[in-house]
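2 protein chains.
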Amino acid sequence: MTITAGESREAISSEELEVWRMLQRAQVRITRALEADLLVEHDLALASYDVLLQLSESPGRRLRMNDLADRVLLSRSGLTRLIDRLQRDGLVEREACTSDARGLFAVLTDGGAARLAEAAPTYLRGIRAQFLDVLDGDELRQCAAMLNKLFPDPCTGQDSC
Amino acid sequence: MTITAGESREAISSEELEVWRMLQRAQVRITRALEADLLVEHDLALASYDVLLQLSESPGRRLRMNDLADRVLLSRSGLTRLIDRLQRDGLVEREACTSDARGLFAVLTDGGAARLAEAAPTYLRGIRAQFLDVLDGDELRQCAAMLNKLFPDPCTGQDSC
DNA sequence: ACTGTGTAGATGCGCGTACAACGTTCTAAG
DNA sequence: CTTAGAACGTTGTACGCGCATCTACACAGT
């Protein structure tokens, strides 16, 4: 393997690989535990919870489908189906966009807000148990710093309408 | 919506929540980029790569289905189907366990090892680009320390036979 | 108004996964 | 030896996701 100036051409040590593997395992493990709790206690998938949460934090409890898809890390088609289900369950409604006939808002209903409020304690408890409680303040700060480098700032959402 | 819809012992600050969310986003992002590369360049899913890798690192290039399922973070049925596919493609073979007629080994074939060797550079390059290169040595050490707390003792695999 | 390019969502389809149930085999108690 | 229960792996089934595709609409240039 050729070595040029710059670190990116160096071989990867087994320690580095191990860090990566542990990261994967930890993330999957935490996410599954969290989702299982939500599913058992509130019959709510993690993706659904995220959608409800994003909507609840948005002005007017509404978001364009496109913007929402970006925030929830879901494909457009995936979001369409998920909103279908949430709408069927009465947690969300679709509303046309007056200034752009292509656009559609997903709007959180009162029922959806209530359901979110119900589930929030479970969610927060899970995060604390699986993640936050395990780390101290310094570690959390270090973690935040690393994440900022890993995930610069893609979410400059532009809302139209 | 406020954070404490229900009562937790200690409130979770929005910074903490934000760290968790970024962790989720970063992990999904990295994993998808990695999988996309593997798929495009070698027509190999990430889960398949992991199976091949685990087998290649195991004595005799073989592992019991159950042990393998644990290491790859897959359900038993999921692993059955995945091994079906890998076997169909000639990358893996099934072999009976002589001392336990219930048991089955998944065995890496020469073709599977070759395919793994082919794909490894892509995998390693992806990890470097998405993860390792972004962090410096200190950060990597901090990350390892945190992960050890989050995921105390992952792989205490006991091989039978 | 007309046409071409781009964007917003929805839909057909195939794939991969998990859950539950099943058959087979191992193990221990009687 | 017999039998109950656990463990291993596979199969039926349903579900969620993404890709490619489609329709409807927007906006610019002519």
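Chains as they are written, first to last, in the UniProt record's numbering: chain A, 1 to 161; chain B, 1 to 161. Positions of the beta carbon are idealized from the N, C-alpha and C atoms, including for glycine.
- Judged by DSSP in its simplified three-state form, Glu57 (chain B) adopts coil rather than helix or strand.
- Chain B has no Cβ within less than 8 Å of the Cβ of Val40 (chain A).
- Taken atom to atom, the span from the alpha-carbon of His42 (chain A) to that of Gln87 (chain A) is near 17 Å.
- Just so you know, the alpha carbons of Phe105 (chain B) and Ala113 (chain B) end up roughly 16 Å apart.
- In the three-state DSSP reduction, Ala69 (chain B) falls in the helix class (H, G or I).
- Scanning B:Phe131, B:Val40, B:Thr80 for the CA closest to the CA of Gly103 (chain B) turns up B:Thr80.
- With a contact defined as Cβ atoms closer than 8 Å, Ile83 (chain A) and Val72 (chain A) miss out at about 10 Å.
- Residue state for Ala45 (chain A) is assigned as coil, using DSSP reduced to three classes.
- Nearest to Leu17 (chain A) by C-alpha distance, out of B:Met22, B:Val51, B:Phe131, is B:Phe131.
- Here the C-alpha atom of Ser56 (chain A) lies approximately 35 Å from the C-alpha atom of Ala129 (chain B).
- Look at Arg85 (chain A) here: in three-state DSSP terms it is helix.
- Around the C-beta of Arg76 (chain A), fewer than 16 other C-beta atoms lie within 10 Å, and the residue is accordingly described as exposed.
- Taking 8 Å as the threshold, the shortest C-beta distance from Phe131 (chain A) to chain B falls below it.
- Pairwise C-beta distances place the stretch 107-125 of chain A out of contact with the stretch 107-126 of chain B, as fewer than three of them are shorter than 8 Å.
- Not flagged as an interface residue toward chain A: Leu55 (chain B), since no C-beta distance is shorter than 8 Å.
- Under the three-state reduction of DSSP output, Arg128 (chain A) falls in the helix class.
- With contacts defined by Cβ atoms closer than 8 Å, Leu53 (chain B) and Leu44 (chain B) do not form a contacting pair.
- Minimum Cα-Cα distance from Leu74 (chain B) among the listed residues A:Met146, A:Phe151, A:Gly137, A:Val28 corresponds to A:Val28.
- Within chain A, the residues Lys149, Leu150 have their CB atoms less than 7 Å from the CB of Val134 (chain B), given in chain order.
- Taking a Cβ-Cβ threshold of 8 Å, the residues of chain A close to Gln27 (chain B) are Leu23, Gln24, Gln27, in chain order.
- Residue environment: Ser58 (chain A) is assigned as buried (16 or more neighbouring CB atoms within 10 Å of its CB, all protein chains considered).
- Residue pairing by DSSP places Glu95 (chain A) opposite A:Phe105 in a beta bridge.
- Here DSSP, grouped into helix, strand and coil, assigns Leu63 (chain B) to strand.
- Closest by C-alpha distance to Leu147 (chain B), out of A:Ile127, A:Val40, A:Val134, is A:Val134.
- Residue-level contact by beta carbon fails for Met65 (chain A) and chain B, as no gap is shorter than 8 Å.
- Under a criterion of Cβ atoms nearer than 7 Å, the residues of chain A adjacent to Val19 (chain B) are, in order, Leu140, Cys143, Ala144, Leu147.
- According to the DSSP assignment, Asp138 (chain A) belongs to the alpha helix (DSSP H) that extends over 137-150.
- Contact of Arg128 (chain B) with chain A is assigned, a C-beta pair being separated by under 8 Å.
- Secondary structure at Ile12 (chain A): coil, using DSSP grouped into helix, strand and coil.
- Chain order gives the chain B residues near Glu16 (chain A) as Leu132, Leu140, where near means a beta carbon separation below 7 Å.
- Taking a Cβ-Cβ threshold of 7 Å, none of the residues of chain A is close to Leu86 (chain B); the smallest such distance is about 20 Å.
- Residue environment for Val51 (chain B): buried (at least 16 other C-beta atoms within 10 angstroms of its C-beta).
- Ile12 (chain A) reaches chain B at Leu124, Ile127, Arg128, Leu132, counting residues in chain order whose Cβ is nearer than 8 Å.
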